[in-house]
Amino acid sequence: MKQISVGRFCTRIFPDRGGPAKHAHKLSEALEHIGVKNCVIASKYCKKRSADRIYSFHPLPICSPSTQTNPLSMLLFTLSFFVLGILYSLVYFLRSRVDLIHAHSPAISGIISLAVSKILRKPLIITIHGFAGPKLSWAPNSGSYIEFLLEKTVLRNADHVITVSPDYRHLIELYSPQTSYSIIGNGVDIEYFSPASGDDEKKKLLLELGLDESSDIVTWVGNLNLEEKVRGVRDLIQAIDILVNLRKIDCDVLLVGGGTHIDQISALINQYNLEQSVHLLGFRDDIQTILQASDIFVLPSHHEGSPNSLLEALSCGVVSIATHVGGVPRILGDTGYLFRPGDSETLARHLQHMLANPDDRHQLSLKSRSRAESALSWETIAHKTTVQYQLLI
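Numbering (the numbering used here), first residue to last: 1 to 393.
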């Protein structure tokens with residue numbers, strides 16, 4: 001069988017932050033391991049952090065913008081990105097003799113890839129990580145007519161669409177009823193995110209944080225720039241208020257992640273007198289260590305696609321409680337508990353049960369790791385993606 005060669009185009013790529021950036025990087029790595037070649041183009045990451053790559057990568061000579069970039073700077077970036085993206089794609093995709101082009105949202109990457117696919121006469125796949133065009137209840141800043149037109153154009157001209165979350169199916173069907181699509185979520189590095197081999201890591205982390213060695217650790221990991229995440233953290237704090245202040249059940253909650261709403265969350269912690277129970281850790285590089293030291297992971301978001309943090313928790317064998325949104329039920333399976341967004345009472349009840357039943361926690365921990373190994377690894381995601389490639393070439 002002929003080796004498949006893919007031209008991958010995305011706005012950002014790891015070590016740049018964000019789910020799509022990480023997805024493009026890890027998928028490219030996993031595909032290389034199973035014999036699919038990748039030629040990847042994205043804007044360069046201008047901070048000191050770097051990444052080792054086993055795939056061919058050609059960074060555009062412009063830095064990816066921050067979320068706080070002013071409109072003029074964003075416009076200049078978009079224009080430069082569009083022109084350079086097309087030029088680099090034509091040169092390097094031709095040189096690599098790609099069989100197809102795989103773009104990753106947002107829409108600007110899709111438009112560039114669409115133009116290149118038409119010029120090179122190659123099939124186009126686009127992975128949808130989210131939509132910016134329609135007005136979405138969980139995203140106050142969503143709703144852009146220009147983004148709507150771009151997204152609609154890309155979807156109607158793509159040969160196949162992959163979405164990371166079943167939540168996006170109705171939008172794909174609305175934008176482009178004739179386009180075929182499949183649901184393939186994110187994966188997880190099951191070698192890196194693995195259960196702790198003993199209690200040493202937990203003891204070390206608790207010592208660093210000034211917490212008791214016998215503490216039960218409840219962890220949340222996320223981005224406090226995003227409203228759908230912040231709403232969920234508010235719900236978690238209210239659930240902890242029920243546990244600690246009303247039911248007198250002790251635990252330590254680690255909130256891991258930075259963002260513009262961190263002061264708001266800090267004020268809420270003080271409002272509920274939870275300063276001794278809820279700990280704001282800010283941005284951390286040692287997520288693996290924190291998860292290995294955790295007893296329970298909570299993902300209370302009001303919206304999710306295919307959350308990396310939940311995948312990483314399961315892979316580390318951490319029992320998880322999460323909202324019934326997006327791709328969460330498909331990831332969690334029967335390894336944890338689901339609840340409705342905003343339902344702090346039910347979240348508190350699930351937490352109370354898990355804190356009081358370490359034997360149940362242990363069994364669910366084993367099931368979580370087993371599920372990650374059998375169904376959620378990047379190798380599994382790469383094989384599913386390759387099936388779609390083979391159907392197009």
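Backbone N, C-alpha and C fix where the C-beta goes; we use that ideal spot for every residue, glycine too.
Subject >> For D99 and S5, believed in contact at Cβ under 8 Å, the rounded distance >> reply: For the purposes of this step, residue 5 is identified with residue 5 of the sequence shown, where counting begins at 1. For the purposes of this step, residue 99 is identified with residue 99 of the sequence shown, where counting begins at 1. Sure, about 5 Å apart at Cβ, within 8 Å.
Subject >> Separation of K229 from N223, as counted between CA atoms >> reply: For the purposes of this step, residue 223 is identified with residue 223 of the sequence shown, where counting begins at 1. For the purposes of this step, residue 229 is identified with residue 229 of the sequence shown, where counting begins at 1. Cα to Cα, N223 sits roughly 7 Å from K229.
Original post:
Given that a residue counts as buried once 16 or more other Cβ atoms are within 10 Å of its Cβ, and exposed if not, what is S197?
Top reply: Position 197 of the sequence shown, counted from the start, is the residue given in the question as residue 197. Flag for S197 reads exposed.
Original post:
Which value, in whole angstroms, describes the spacing of the CA atoms of L299 and V319?
Top reply: If you number the sequence shown from 1, residue 299 lands on position 299. If you number the sequence shown from 1, residue 319 lands on position 319. In a straight line, the C-alpha of L299 is about 11 Å away from that of V319.
**OP:** Provide the residue span of the alpha helix (DSSP H) that contains F57, from first to last.
**Re:** As a first step, residue 57 is located in the sequence shown; it is residue number 57 there, counting from the start. Unbroken run through F57 is the beta strand (DSSP E), 56–63; no alpha helix (DSSP H).
Original post:
Measuring CB to CB, does S64 end up less than 8 Å from D16?
Top reply: Counted from its first residue, the sequence shown places residue 64 at position 64. Counted from its first residue, the sequence shown places residue 16 at position 16. Taking 8 Å as the Cβ cut-off, S64 and D16 qualify as a contacting pair.
Original post:
When the Cα atoms are used, what is the spatial distance from H350 to L291?
Top reply: On the sequence shown, position 350 is the one that residue 350 refers to. On the sequence shown, position 291 is the one that residue 291 refers to. Their Cα atoms are separated by approximately 19 Å.
Original post:
Which residues does DSSP pair with L205 in a beta bridge?
Top reply: Stepping through the sequence shown from its first residue, residue 205 is reached at position 205. The partner list for L205 (beta bridge, DSSP) is empty, contrary to what the question assumes.
**OP:** Select from Q238, L254, S182 the residue whose C-alpha is nearest the C-alpha of E208.
**Re:** In the sequence shown, counting from the first residue as 1, residue 208 sits at position 208. The shortest Cα separation from E208 among Q238, L254, S182 belongs to L254.
**OP:** Give me the Cα-Cα distance between E227 and R97, rounded to the nearest whole angstrom.
**Re:** Numbered from 1 along the sequence shown, position 227 holds the residue referred to as residue 227. Numbered from 1 along the sequence shown, position 97 holds the residue referred to as residue 97. Their backbone Cα atoms lie some 42 Å apart in a straight line.
Original post:
Whose C-alpha, out of S66, H58, P71, L246, is nearest the C-alpha of I86?
Top reply: What you label residue 86 is simply residue 86 of the sequence shown in a count that begins at 1. Checking every option, the nearest Cα to that of I86 belongs to H58.
**OP:** Please report the residue range of the alpha helix (DSSP H) in which V91 lies.
**Re:** Against the sequence shown, residue 91 aligns to sequence position 91. Taken as a continuous stretch (DSSP letters only), the alpha helix (DSSP H) holding V91 covers 71–96.
**OP:** Could you check which residue in D285, F77, K152 has the C-alpha nearest to that of L174?
**Re:** Locating residue 174 in the sequence shown gives position 174, counting from the first residue. When only C-alpha atoms are compared, the closest one is K152.
Original post:
Do you know whose CA, among Q276, T346, I108, lies nearest F82's CA?
Top reply: Position 82 of the sequence shown, counting from 1, holds the residue named residue 82. Ranking Q276, T346, I108 by Cα distance to F82 puts I108 first.
Original post:
In angstroms, rounded to a whole number, what distance separates the CA positions of D241 and Q264?
Top reply: Taking the sequence shown and counting its residues from 1, the one referred to as residue 241 is at position 241. Taking the sequence shown and counting its residues from 1, the one referred to as residue 264 is at position 264. So the alpha carbons of these two residues sit roughly 16 Å apart.
Original post:
At which residue ranges does the stretch 329–355 contain complete beta strand (DSSP E) runs of 3 or more residues, listed in the order of the chain?
Top reply: 337–339
Original post:
Relative to the alpha-carbon of I101, which residue among M74, V40, D359 has its alpha-carbon at the smallest distance?
Top reply: The residue you call residue 101 lines up with position 101 of the sequence shown. With distances taken between Cα atoms, I101 lies closest to V40.
Subject >> Classification of H362 by the beta-carbon crowding that lies within 10 angstroms, buried from 16 upward >> reply: Against the sequence shown, residue 362 aligns to sequence position 362. Burial call: exposed.
Subject >> Meets three-Cβ-pair contact criterion under 8 Å: the stretch 358–377 and the stretch 309–329 >> reply: yes
Original post:
Which class does K47 belong to by DSSP, given the choice of helix, strand or coil?
Top reply: Walking along the sequence shown from the start, residue 47 turns up at place 47. Coil, per DSSP.
Original post:
Would L281 pass as a contact of S266 if the rule is Cβ separation under 8 Å?
Top reply: Working through the sequence shown from its first residue, we reach residue 281 at position 281. Working through the sequence shown from its first residue, we reach residue 266 at position 266. It is not a contact, given that the beta carbons lie outside the stated cut-off.
Original post:
Are the CB atoms of I125 and I172 nearer to each other than 8 Å?
Top reply: Along the sequence shown, one-based indexing puts residue 125 at 125. Along the sequence shown, one-based indexing puts residue 172 at 172. In this structure, I172 does not lie closer than 8 Å to I125 by Cβ.
Original post:
What is the residue span of the alpha helix (DSSP H) that S370 lies within?
Top reply: Position 370 of the sequence shown, counted from the start, is the residue given in the question as residue 370. Here the alpha helix (DSSP H) through S370 covers 358–375.
Subject >> Spatial neighbours of H45 in its chain, beta-carbon cut-off 6 Å, leaving aside the 5 residues before and after >> reply: Stepping through the sequence shown from its first residue, residue 45 is reached at position 45. Reading off the sequence shown, one finds Tyr at residue 45, where the question assumed His. Answer for Y45: P15, D16, listed in chain order.
Subject >> Nearest-angstrom Cα separation, counted from R340 out to I269 >> reply: In the sequence shown, residue 269 corresponds to position 269, counting from 1. In the sequence shown, residue 340 corresponds to position 340, counting from 1. Distance between the alpha carbons of I269 and R340: 22 Å.
**OP:** Would you identify the three-state DSSP class for Y181, choosing helix, strand or coil?
**Re:** Numbered from its first residue, the sequence shown carries residue 181 at position 181. Looking at Y181 - three-state DSSP - the assignment turns out to be strand.
Subject >> Under the three-state DSSP convention, the category I237 falls into >> reply: Working through the sequence shown from its first residue, we reach residue 237 at position 237. Residue state, collapsed to three classes: helix.
Subject >> For F283, three-class secondary structure by DSSP >> reply: Position 283 of the sequence shown, counted from the first residue, corresponds to residue 283. Coil.
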